[in-house]
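Structure, as structure tokens:
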Amino acid sequence: MLHIQNLTAEVDGKPILKGINLTVNAGEIHAVMGPNGSGKSTLASILAGRDGYDITGGTVEYQGQNLLDMPAEERARGGVFLAFQYPVEIPGVSNIYLLKAAVNARRRHQGLQELDAMDFLSLVKEKVRFMEMDEKMLYRAVNEGFSGGEKKRNEILQMIMLEPTLALLDETDSGLDIDALKVVSKGVNSLRSADRSMVLVTHYQRLLDYIKPDFVHVLSAGRIVKSGGPELALELERQGYAWLGAETQEGSSKGVSQ
Amino acid sequence: MSEAQSTLDEIIGKEYEHGFETLLEMDVIPRGLSEDVVRLISAKKNEPEWLLEWRLAAYRHWLTMTPPEWANVHYPAIDYQDMIYYAAPKSQKDGPKSLDEVDPELLKTYEKLGIPLHERAILAGVAVDAVFDSVSVATTFKDKLSEVGIVFCSFSEAVHTHPELIKQYLGSVVPVSDNFYAALNSAVFSDGSFCYIPPGVRCPMELSTYFRINAKNTGQFERTLIVADAGAYVSYLEGCTAPMRDENQLHAAVVELVAMENAQIKYSTVQNWYPGDKDGKGGIYNFVTKRGECRGDRAKISWTQVETGSAITWKYPSVVLKGNDSVGEFYSVALTNHRQQADTGTKMIHLGRNTKSTIVSKGISAGFGQQAYRGLVRVAKSAVGARNYTQCDSLLLGDKCQAHTFPYIEVKQPSATVEHEASTSRISEDQLFFCRQRGLSPEDAVSMIVNGFCKEVFKELPMEFAVEAQKLLGVSLEGSVG
Numbered sequence: 435m436l437h438i439q440n441l442t443a444e445v446d447g448k449p450i451l452k453g454i455n456l457t458v459n460a461g462e463i464h465a466v467m468g469p470n471g472s473g474k475s476t477l478a479s480i481l482a483g484r485d486g487y488d489i490t491g492g493t494v495e496y497q498g499q500n501l502l503d504m505p506a507e508e509r510a511r512g513g514v515f516l517a518f519q520y521p522v523e524i525p526g527v528s529n530i531y532l533l534k535a536a537v538n539a540r541r542r543h544q545g546l547q548e549l550d551a552m553d554f555l556s557l558v559k560e561k562v563r564f565m566e567m568d569e570k571m572l573y574r575a576v577n578e579g580f581s582g583g584e585k586k587r588n589e590i591l592q593m594i595m596l597e598p599t600l601a602l603l604d605e606t607d608s609g610l611d612i613d614a615l616k617v618v619s620k621g622v623n624s625l626r627s628a629d630r631s632m633v634l635v636t637h638y639q640r641l642l643d644y645i646k647p648d649f650v651h652v653l654s655a656g657r658i659v660k661s662g663g664p665e666l667a668l669e670l671e672r673q674g675y676a677w678l679g680a681e682t683q684e685g686s687s688k689g690v691s692q
Numbered sequence: 002m003s004e005a006q007s008t009l010d011e012i013i014g015k016e017y018e019h020g021f022e023t024l025l026e027m028d029v030i031p032r033g034l035s036e037d038v039v040r041l042i043s044a045k046k047n048e049p050e051w052l053l054e055w056r057l058a059a060y061r062h063w064l065t066m067t068p069p070e071w072a073n074v075h076y077p078a079i080d081y082q083d084m085i086y087y088a089a090p091k092s093q094k095d096g097p098k099s100l101d102e103v104d105p106e107l108l109k110t111y112e113k114l115g116i117p118l119h120e121r122a123i124l125a126g127v128a129v130d131a132v133f134d135s136v137s138v139a140t141t142f143k144d145k146l147s148e149v150g151i152v153f154c155s156f157s158e159a160v161h162t163h164p165e166l167i168k169q170y171l172g173s174v175v176p177v178s179d180n181f182y183a184a185l186n187s188a189v190f191s192d193g194s195f196c197y198i199p200p201g202v203r204c205p206m207e208l209s210t211y212f213r214i215n216a217k218n219t220g221q222f223e224r225t226l227i228v229a230d231a232g233a234y235v236s237y238l239e240g241c242t243a244p245m246r247d248e249n250q251l252h253a254a255v256v257e258l259v260a261m262e263n264a265q266i267k268y269s270t271v272q273n274w275y276p277g278d279k280d281g282k283g284g285i286y287n288f289v290t291k292r293g294e295c296r297g298d299r300a301k302i303s304w305t306q307v308e309t310g311s312a313i314t315w316k317y318p319s320v321v322l323k324g325n326d327s328v329g330e331f332y333s334v335a336l337t338n339h340r341q342q343a344d345t346g347t348k349m350i351h352l353g354r355n356t357k358s359t360i361v362s363k364g365i366s367a368g369f370g371q372q373a374y375r376g377l378v379r380v381a382k383s384a385v386g387a388r389n390y391t392q393c394d395s396l397l398l399g400d401k402c403q404a405h406t407f408p409y410i411e412v413k414q415p416s417a418t419v420e421h422e423a424s425t426s427r428i429s430e431d432q433l434f435f436c437r438q439r440g441l442s443p444e445d446a447v448s449m450i451v452n453g454f455c456k457e458v459f460k461e462l463p464m465e466f467a468v469e470a471q472k473l474l475g476v477s478l479e480g481s482v483g
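These protein sequence lines are chains A and B, in that order. Per the numbering used here, residue 435 is the first one in the first sequence, and the count goes up by one each step. Per the numbering used here, residue 2 is the first one in the second sequence, and the count goes up by one each step.
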């Protein structure tokens with residue numbers, strides 16, 4: 435599914451990723467953990483195709499294709515989905531309009547017919563109920579005036595509508611209360627399947643109580659310093675990152691990774 | 002090729018094919034403007050003496066005036082003696098013979114806008130024999146209107162059929178001395194539309210110049226007059242979304258609206274004149290005076306405009322709120338791309354008690370576009386309890402374009418409430434990436450974000466127009482992302 439080899443990347447001449455190796459097979463869920471500024475969000479952003487990073491080396495293969503060569507929108511249509519850490523507001527554009535445009539862009543790419551208004555509406559209403567959201571949210575401008583929790587639910591709503599092949603979740607758990615976390619996890623878990631992979635970027639073990647990963651990786655200063663099973667996350671919860679010698683890079687990559 | 006040359010070719014060419022029309026085609030008067038020219042225009046149109054006098058008065062006043070220079074637009078001085086002020090309906094002889102000869106770029110645009118095939122030919126200036134089916138459409142249309150007593154015809158026609166109405170209202174909102182371009186228009190106006198809605202009548206359909214049999218070359222000095230008598234209602238649509246080619250570089254139209262007691266006029270414009278090429282060459286100068294007067298109590302006038310065309314736009318659709326409790330509205334989307342310049346806005350003049358006005362202006366600048374919002378809110382001492390709300394937003398795409406805001410507020414009545422909100426924003430990288438991550442192309446993403454930005458204005462447009470306007474924005478913004 436996803437094969438990252440020796441990926442290095444810089445922002446403004448400053449190295450952020452210093453040789454990432456990661457293979458995600460179909461059906462697997464990988465959690466990428468690590469302290470602030472370790473390059474977690476940068477990794478997710480680069481995989482989704484955000485501009486502003488210099489890829490200085492390495493390869494990323496997605497379903498046999500060179501992912502780094504594809505523009506962001508093609509990656510998205512090809513099934514790569516990024517749930518944003520900070521979902522952006524788009525005034526005047528209704529949620530439902532964006533969803534419909536997104537779903538149909540993906541369907542066209544898959545050679546499927548676009549959904550007509552009725553089919554789309556009944557589908558989206560079902561998903562909205564599943565995410566325990568108010569239907570009114572569909573007609574509000576994208577993320578405008580949404581609370582932190584509403585924004586994250588909205589991200590997952592988009593995800594379950596788009597049914598991605600590779601889902602990247604960037605700190606989806608941050609800023610969520612326990613109820614919202616449960617709903618968000620329910621949404622994510624509903625997508626678990628043998629032909630779908632997920633990469634969860636997170637600080638905390640908490641999310642992993644609800645979404646069980648197959649593998650856990652610890653990212654530190656632009657490298658994966660340790661990989662293991664779900665028990666690794668618990669270990670981290672108990673001991674923090676320090677025992678791994680993990681450290682934040684000098685000067686965080688915050689400005690870019692957000 | 003000079004205009005004289007092309008006109009000549011036109012005449013010569015025409016002679017061979019449609020011999021009997023030659024005389025008509027020779028109806029072109031020499032270059033330049035003088036009293037004789039004004040007299041000649043009036044004579045050609047068989048106008049009554051009073052109208053000639055009116056034109057002459059305008060002309061004499063125009064001679065004393067100079068073009069306004071306060072607008073934030075830049076262009077070489079116009080030589081008014083180098084223009085032709087009257088030409089009989091233009092021959093299409095030198096136009097393209099078929100769609101195959103039309104600029105493929107223009108055709109692509111028509112296709113994107115979803116304009117039906119037979120209309121594309123007309124818009125592109127292809128000579129077509131029959132005026133397709135709009136004749137029959139227009140006829141049924143006219144019957145329906147006259148049933149309820151509505152007058153809707155060309156201005157020239159109205160001068161003869163309804164002289165008393167024209168005499169009563171012409172120039173009563175925009176006096177001949179109003180400004181340089183209005184004076185010029187008054188002296189030499191070619192044709193336009195006239196509309197009268199009798200008391201208590203609600204116009205059963207949206208009136209559109211587009212339907213007025215093709216509004217064949219009303220010329221560069223268009224004159225429109227709409228009168229809604231007491232309790233009447235009319236919604237009027239002007240223009241169309243297709244980019245219109247025109248030989249005339251300068252367009253100086255005048256539009257006057259009169260709303261009597263309890264009457265309502267909704268005037269919507271989509272202006273997409275040729276903006277010139279990427280370097281701004283060959284575009285149209287659109288210097289328009291539009292004003293409405295709420296003459297009676299509780300009258301209401303709404304201007305909604307979507308301005309995407311023209312090389313230069315100078316336009317301030319205004320409302321004079323004379324009647325007590327009368328309402329004026331201005332909703333505007335103006336887009337400037339490439340080298341386009343626009344100085345546009347409105348004037349709301351509050352005279353009556355408890356008069357209310359709303360201004361929502363959305364300016365979008367891309368490329369090297371220059372955009373200025375210029376708005377005046379004047380509350381006279383008599384306007385007790387007047388209220389105005391102004392919202393003025395600018396959206397910038399790229400870093401070579403500009404947006405300016407020039408609000409003028411004059412309040413002489415202490416009980417008035419005047420609010421002004423302004424914002425300037427850019428389409429952020431984050432918004433663009435977010436949309437692309439959801440599978441939208443950068444073009445679609447920009448178009449969607451811009452349409453979202455304009456939503457408050459689009460919702461004021463009649464449904465079909467709104468859909469067209471959205472498409473239009475997308476097409477007009479092409480090439481602005483990258």
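From the three backbone atoms N, C-alpha and C, an ideal C-beta is built for every residue, glycine too.
N- and C-terminal bounds of the beta strand (DSSP E) containing residue i
| i | result |
| --- | --- |
| Gln372(B) | 371-380 |
| Pro664(A) | Careful: Pro664(A) lies outside any beta strand (DSSP E), inside the alpha helix (DSSP H) at 664-673. |
| Lys267(B) | 265-272 |
Backbone secondary structure at residue i - three-state DSSP
| i | result |
| --- | --- |
| Ala44(B) | helix |
| Arg388(B) | strand |
| Cys402(B) | coil |
| Phe454(B) | helix |
| Met632(A) | strand |
| Glu207(B) | coil |
| Thr344(B) | For the record, residue 344(B) in the displayed sequence is Asp; it is not Thr. Three-state DSSP puts Asp344(B) in a strand. |
| Trp71(B) | coil |
| Met435(A) | coil |
| Glu420(B) | strand |
| Pro598(A) | coil |
| Gln592(A) | helix |
| Leu642(A) | helix |
| Ala446(B) | helix |
| Ile365(B) | strand |
| Gly329(B) | strand |
Cβ-based burial, residue i [other Cβ within 10 Å; buried from 16]
| i | result |
| --- | --- |
| Asn47(B) | exposed |
| Ser619(A) | buried |
| Ser283(B) | With the sequence shown as reference, residue 283(B) is identified as Gly, and Ser is not the correct amino acid for it. By the neighbour-count rule (16 or more Cβ atoms within 10 Å), Gly283(B) is not buried but exposed. |
| Gln82(B) | exposed |
| Gln544(A) | exposed |
| His75(B) | exposed |
| Ser631(A) | buried |
| Ser581(A) | exposed |
| Gly498(A) | exposed |
| Glu148(B) | exposed |
| Pro77(B) | exposed |
9 Å Cβ cutoff met for residue i and residue j
| i | j | result |
| --- | --- | --- |
| Ile658(A) | Val622(A) | no |
| Val334(B) | Val307(B) | yes |
| Met261(B) | Gly297(B) | yes |
| Glu430(B) | Val378(B) | no |
| Ala373(B) | Ala72(B) | yes |
| Phe195(B) | Phe142(B) | no |
For residue j and residue i, believed in contact at Cβ under 8 Å, the rounded distance
| i | j | result |
| --- | --- | --- |
| His651(A) | His464(A) | 6 Å |
| Leu642(A) | Ala667(A) | 5 Å |
| Ala536(A) | Gln592(A) | 7 Å |
| Thr337(B) | Gln371(B) | 6 Å |
| Ser654(A) | Ser472(A) | 5 Å |
The alpha helix (DSSP H) enclosing residue i, as first and last residue numbers
| i | result |
| --- | --- |
| Cys436(B) | 430-438 |
| Trp1(B) | Outside the shown range of chain B, which is 2 to 483, sits residue 1(B), and nothing can be said about it. |
| Asp553(A) | 551-564 |
| Asn180(B) | That residue, Asn180(B), is in no alpha helix (DSSP H); it is neither H nor E in DSSP. |
| Ser619(A) | 612-624 |
| Val494(A) | Per DSSP, Val494(A) belongs to no alpha helix (DSSP H); it is in the beta strand (DSSP E), 488-496. |
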